[in-house]
Amino acid sequence: MSSINPVRVMSCPPGSTRLRHFNKEVAMAINVSTFSSEQSYRLTHAVLVYQDVQRKPAFVSVHDVGSDDGNRPVIQAGVPASKAGLLALMRILDPETMLKPAIKPAHVLAEGSGFFVWYSAPQDRQVWFDCKELGARTARVPCPGLVFVVTSKAWKVFAFKGRKRPDADTPLFVAPFFNVWQNGTICVGSARLPKGDQVHNHLAWEEAFFRSYFTHPNIHTPKGLTRYRAGPFALWRDLLEGRLSRFPTRTLVPTGWTLRQAFEAAVLEGEG
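Residue numbers (my numbering): 814 to 1085.
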């Protein structure tokens, strides 16, 4: 059995600190926040991550922290950390991102600690606009099928064609809404985002999106937001005025990504 030698560490004052992973390719960050600078804290445990020569994590150990004759913290010999123990630690540090075991609804495409992906079938939606070209108005209009992606870094939306549940190879299209960038990122503005136990409630996110005013296109390249004749303002004017009984999916702009590729970019690679 390999031994783990104790090493000395520097103490960290209470407050807000960031520990950056030394592996540039991973670029992980752990944020520790405290509510009061008047409360005293004592270093009691340490978690160490060991890597191999390829800088891939090999194993994790948990250590008690003692003190030397000068009352400076010293990491003691440790024991290997279990997956259950690390998950328990995450539940303590960040309970909002830890999921309880549950049977997933059919609309959920992927869900885990720090990410939530689901789809919404084509349907009529109440939308609100407030811009010079269309004025301040609201109406119930047909919308295409949508895929939403929520991570700790971004909130994205894409469109898809058809009514079937998207799979990994389903092509995604630019969501033809104002306030959405080419890569699907939603301009949050003053929208009230779900918090606490609502973070994994898809209806709360959809309400936050559709209950916000669409004020301006974020994509300005010709045919970048929609291939509809005369452009995005004409598309939404015709939808708002009831001239289209169905959303014209032929006007959707391809992103060039499948659902798998968009998922990997947003969730696995952490694209913002």
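All residues carry an ideal CB built from backbone N, CA and C; glycine is no exception.
- Task: Less than 8 Å between the CB atoms is what I'm expecting for Val954 and Leu1052, so what's the real figure, rounded?
- Result: 4 Å
- Message: In this structure, how does DSSP classify Ala894 when only helix, strand and coil are distinguished?
- Response: coil
- Task: Output the distance between the C-alpha atoms of Val1080 and Gln995, rounded to the nearest integer angstrom.
- Result: 17 Å
- Task: Give the DSSP-derived three-state secondary structure of Gln939 in the structure shown.
- Result: strand
- Item | DSSP bridge partner residues for Ile916 (one or two, in chain order) | Per DSSP, none; premise fails for Ile916.
- Message: Would the region 986-1005 count as touching the region 1020-1030 if we require 3 or more Cβ pairs under 8 Å?
- Response: yes
- At what residues does the beta strand (DSSP E) containing Glu1054 begin and finish? No beta strand (DSSP E) holds Glu1054; DSSP gives it neither H nor E.
- Message: Measuring straight from C-alpha to C-alpha, what distance separates Asp881 and Leu902?
- Response: 27 Å
- Message: Could you compute how far the alpha carbon of Ala871 sits from the alpha carbon of Thr1062?
- Response: 48 Å
- Query: Considering only residues of the same chain and omitting the five flanking positions on each side of Trp941, which have a CB-CB separation below 6 Å?
  - Reply: Thr951 and Tyr1026
- Query: Considering only the beta carbon of each residue, do Phe961 and Phe1022 sit closer than 9 Å?
  - Reply: yes
- Task: With DSSP collapsed to three states, give me the class of Pro989.
- Result: coil
- Leaving out five residues on either side along the sequence, give the residues of the same chain with a beta carbon under 8 Å from the beta carbon of Gly958. Tyr932, Ser933, Ala934, Pro935, Ala972, Phe973, Lys974, Gly975, Arg976 and Pro979
- Message: Give me, in chain order, the residues of the same chain whose beta-carbon lies closer than 6 Å to that of Ala781; leave out the 5 immediate sequence neighbours on both sides.
- Response: Outside the displayed range of the chain (814 to 1085) lies residue 781, so it cannot be described from this structure.
- With respect to the beta strand (DSSP E) encompassing Asp949, which residues constitute its N-terminal and C-terminal limits? Before going on, a small fix: residue 949 reads as Ala here, not Asp. Start and end: Gly948 to Cys956.
- Query: Helix or strand or just coil, what does DSSP make of Ser815?
  - Reply: Bear in mind that a pLDDT of 43 at Ser815, under 50, signals an unreliable position, so the number given afterwards is only what the model happens to contain. Coil at Ser815, not helix or strand.
- Nearest candidate by alpha-carbon position, reference Glu1019, set Leu856, Trp968, Leu899 and Gln889: Trp968
- Reducing DSSP to helix, strand and coil, say where Trp1018 ends up. helix
- Query: Who does His876 pair with in a DSSP beta bridge?
  - Reply: Ala859 and Gly891
- Item | Boundaries (first-last residue) of the beta strand (DSSP E) holding Phe929 | Phe928 to Ser933
- Query: Since Leu959 sits in a beta bridge, which residues does DSSP pair it with?
  - Reply: Ser933 and Ala972
- Exposure of Pro1067, with buried meaning 16 or more beta-carbon neighbours within 10 Å: exposed
- Query: For Tyr1041, which residues of its own chain have a beta-carbon under 7 Å away from its beta-carbon, when the five flanking residues on both sides are left out?
  - Reply: Ala1047, Leu1048, Pro1061 and Thr1064
- Would a C-beta distance cut-off of 9 Å place Ser965 and Gly927 closer than the cut-off? yes
- Could you tell me whether the Cβ atoms of Ala988 and Val963 are closer together than 9 Å? no
- Can you tell me which of the three DSSP states Val1001 falls into? coil
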